[in-house]
Amino acid sequence: MKHINLVQTRSWSILKNHFKMIKNVHLRDLFLLDANRFEKFSICFENEMLVDFSKNRITENTLKYLLDLAEEMNVKKAIKSMFSGEKINETENRSVLHIALRNRRNSPIFVDNCNVMLEVNHVLKKMKDFSELVITGKWKGYTGKSISDVVNIGIGGSDLGPYMVTEALRPYKNHLNIHYVSNIDGTHLTEVLKKIYPETTIFLIASKTFTTEETIINANSAKTWFLKYSKDKSSLDKHFFALSANINNALDFGINIKNIFQFWNWVGGRFSLWSSVGLSIILSIGFNNFEKFLNGAHAMDNHFYTSEYKKNIPIILALISIWYTNFFGSETEAIFPYDQYMHRFSAYFQQSNMESNGKSIDKKGQKISYQTGPIIWGEPGTNGQHAFFQLMHQGTKLIPSDFIVPIISHNHIDNHHIKLICNFLAQTKALAFGTSEKSFLKEKTIFKKNTKHLNKIDKNFLFKQCIGNQPTNSILIRKITPYNLGVLIALYEHKIFVQGHLLNIFSFDQWGVELGKNLAKNIYKNFYNIENNKYFDSSTKGLINFYKSFYK
Ligand code: F6P
Numbered sequence: 002m003k004h005i006n007l008v009q010t011r012s013w014s015i016l017k018n019h020f021k022m023i024k025n026v027h028l029r030d031l032f033l034l035d036a037n038r039f040e041k042f043s044i045c046f047e048n049e050m051l052v053d054f055s056k057n058r059i060t061e062n063t064l065k066y067l068l069d070l071a072e073e074m075n076v077k078k079a080i081k082s083m084f085s086g087e088k089i090n091e092t093e094n095r096s097v098l099h100i101a102l103r104n105r106r107n108s109p110i111f112v113d114n115c116n117v118m119l120e121v122n123h124v125l126k127k128m129k130d131f132s133e134l135v136i137t138g139k140w141k142g143y144t145g146k147s148i149s150d151v152v153n154i155g156i157g158g159s160d161l162g163p164y165m166v167t168e169a170l171r172p173y174k175n176h177l178n179i180h181y182v183s184n185i186d187g188t189h190l191t192e193v194l195k196k197i198y199p200e201t202t203i204f205l206i207a208s209k210t211f212t213t214e215e216t217i218i219n220a221n222s223a224k225t226w227f228l229k230y231s232k233d234k235s236s237l238d239k240h241f242f243a244l245s246a247n248i249n250n251a252l253d254f255g256i257n258i259k260n261i262f263q264f265w266n267w268v269g270g271r272f273s274l275w276s277s278v279g280l281s282i283i284l285s286i287g288f289n290n291f292e293k294f295l296n297g298a299h300a301m302d303n304h305f306y307t308s309e310y311k312k313n314i315p316i317i318l319a320l321i322s323i324w325y326t327n328f329f330g331s332e333t334e335a336i337f338p339y340d341q342y343m344h345r346f347s348a349y350f351q352q353s354n355m356e357s358n359g360k361s362i363d364k365k366g367q368k369i370s371y372q373t374g375p376i377i378w379g380e381p382g383t384n385g386q387h388a389f390f391q392l393m394h395q396g397t398k399l400i401p402s403d404f405i406v407p408i409i410s411h412n413h414i415d416n417h418h419i420k421l422i423c424n425f426l427a428q429t430k431a432l433a434f435g436t437s438e439k440s441f442l443k444e445k446t447i448f449k450k451n452t453k454h455l456n457k458i459d460k461n462f463l464f465k466q467c468i469g470n471q472p473t474n475s476i477l478i479r480k481i482t483p484y485n486l487g488v489l490i491a492l493y494e495h496k497i498f499v500q501g502h503l504l505n506i507f508s509f510d511q512w513g514v515e516l517g518k519n520l521a522k523n524i525y526k527n528f529y530n531i532e533n534n535k536y537f538d539s540s541t542k543g544l545i546n547f548y549k550s551f552y553k
């Protein structure tokens, strides 16, 4: 596909001029001027989800110009390239096919002349059969007992994804206890080991490459711990499993070939929860629910593939994001799920978006002159309201944010849910409109009057003003079901894809992460030999010496 620099397009020049006219317009005025703004700037997905993007600093013209940009940048063609298995991850010469993992139509998708759906379905069936054995108690550990605990050992996409989903779908979970160990800090593994028994635990070593240091160290320590009890290497077959694209390394680790759940190089690590990396999700909620989860993602894939530009939710959300980062100069984007079970959702998309679009070289190998991926962050509502929302209401930064809100709660107690909803409504309203002009004037009048009675002065009225004009998207979802969570994750994945395409960067590699990994290995190698070692700068040397002084 032709690589186009977005700032050299005609639509970009139009947007630049348009921005000059709109940059100071207030959301308050946009809503006053158009009573139908909500209808014009919101889209329903099936009967399950409503995306309201009316509280953005855009007009009908802005949206038109942004959509023109998408068209000029051939977004639709790019989508086709991804869905048809083209090797769009050029720097690693790989296809990008997480959509194949949830291709419920089962239509053939080819990579190097092989229909990947055959392998996908084979592994899905293997996961189904195995999970049923474990959930029904038929899979026995080395002492003949059924399994009660599952430990997923992985990091990055091999941890954040399944952990986030398992938490978000807690209401669907069965009796199995699912644990996640990711950090190389021994504390993480130690604390999990305290909660489990070797006879009734299985370990899933989740690593696409099966070389990631954190995962391999944790897996080895778990194996040593386990063997201390079982004292028999053959017992590993009942307790250790690999979820990986690197079969040889998994075998070398000592995993039985039958216990390897394969996935493939065309699955990006941060998009791997749909692959065998999702085994812990299946063990938690059962295969039927996992299928519903895949169905939801597939439904969003269809929407993304078939919907015209102006009705295409991921495309519109990506364009709005580019609008803020590149014209308004916003640095971050927040995601606030108003659902406690979704407490890892922002962290998951932090990796997904920042690892994908945190790049500064374009597809032609040239240094980029515009802004690329935003910083993603967020916490569940309403907790965030009592932490950082103050800065959003009265600080100096423009922070576009998404509010994700289930209409039906899994836990209806008293009036909690309606209160939660009202808080979401209040926040998005306050962020958009700030303190109303009426109340501002009222306070001002009181202030003027009170200046005659100095002791009654409410001179704080100026400090109480909230300017508003902070943009938000509201995503209302009927309920966080497996299907709807699938829809939502796929929506954000595709938004990231469109952002990356528009920014003309390779979204599916992560070379920056490699630097730190290699340095850590080199430092470890040289740790006890730092004097006269030119490899070390004075700061790193000083830090190492201080560290060592505690072990003398
Ligand atoms: O952080 C870099 C990264 O390669 C991620 O993309 C990936 O999810 C993570 O490391 C773990 O990699 P692996 O699954 O190969 O252990």
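Numbering (the numbering used here), first residue to last: 2 to 553.
Where is the CB? At the ideal position from N, CA and C, for every residue including glycine.
In this text, all values refer to a predicted model and were calculated from it rather than measured experimentally.
Just the C-alpha distance for residue i and residue j, rounded to the nearest angstrom, thanks.
i: residue 358; j: residue 365; result: 16 Å
i: residue 375; j: residue 28; result: 22 Å
i: residue 544; j: residue 202; result: 40 Å
i: residue 140; j: residue 238; result: 11 Å
i: residue 514; j: residue 18; result: 38 Å
i: residue 213; j: residue 55; result: 43 Å
i: residue 215; j: residue 61; result: 49 Å
i: residue 294; j: residue 322; result: 26 Å
i: residue 493; j: residue 315; result: 7 Å
i: residue 401; j: residue 331; result: 8 Å
i: residue 408; j: residue 427; result: 16 Å
i: residue 1; j: residue 204; result: Because the chain spans 2 through 553 in this model, residue 1 falls outside it and cannot be assessed.
i: residue 500; j: residue 229; result: 50 Å
i: residue 356; j: residue 91; result: 16 Å
i: residue 94; j: residue 2; result: 14 Å
i: residue 273; j: residue 96; result: 14 Å
Starting from the C-beta of residue i, find all residues in its chain whose C-beta is less than 6 Å away, skip the five residues before and the five after it, and write them out in chain order.
i: residue 385; result: 337
i: residue 173; result: 286, 290
i: residue 69; result: 12
i: residue 480; result: 407, 409
i: residue 200; result: 142, 144, 146
i: residue 242; result: 205, 260
i: residue 10; result: 73
i: residue 264; result: 246, 276, 277
Drop a sphere of 10 angstroms on the beta-carbon of residue i, count the other beta-carbons inside from all chains shown, and report buried for 16 or more, exposed for fewer.
i: residue 470; result: buried
i: residue 58; result: buried
i: residue 417; result: exposed
i: residue 14; result: exposed
i: residue 37; result: exposed
i: residue 390; result: buried
i: residue 301; result: buried
i: residue 190; result: buried
i: residue 414; result: exposed
i: residue 320; result: buried
i: residue 240; result: buried
i: residue 360; result: buried
i: residue 393; result: buried
i: residue 183; result: buried
Compute the beta-carbon to beta-carbon distance between residue i and residue j, rounded to the nearest angstrom, for a pair I have assumed lies under 8 Å.
i: residue 284; j: residue 132; result: 5 Å
i: residue 210; j: residue 247; result: 6 Å
i: residue 104; j: residue 299; result: 7 Å
i: residue 349; j: residue 165; result: 4 Å
i: residue 193; j: residue 180; result: 5 Å
i: residue 112; j: residue 86; result: 5 Å
i: residue 53; j: residue 474; result: 7 Å
i: residue 278; j: residue 220; result: With a Cβ gap of about 14 Å, residue 278 and residue 220 do not count as contacting.
i: residue 534; j: residue 523; result: Not confirmed; about 11 Å, so no contact.
i: residue 169; j: residue 421; result: About 16 Å; that fails the 8 Å criterion.
i: residue 498; j: residue 83; result: 7 Å
i: residue 297; j: residue 488; result: 4 Å
If you drop the 5 nearest sequence neighbours on each side, which residues of the same chain put their C-beta closer than 8 Å to that of residue i?
i: residue 118; result: 101, 104, 107, 108, 109, 110
i: residue 233; result: 143
i: residue 218; result: 185
Leaving out the 5 sequence neighbours to the left and right, which residues in its chain are closer than 7 Å to residue i when beta-carbon positions are compared?
i: residue 425; result: 339, 382, 404, 406
i: residue 468; result: 435
i: residue 327; result: 371, 372
i: residue 167; result: 179, 281, 282, 285
i: residue 505; result: 4, 5, 6, 7, 363, 364
i: residue 306; result: 80, 84
i: residue 354; result: 374, 377, 497
i: residue 44; result: 52, 312, 314
i: residue 222; result: 190
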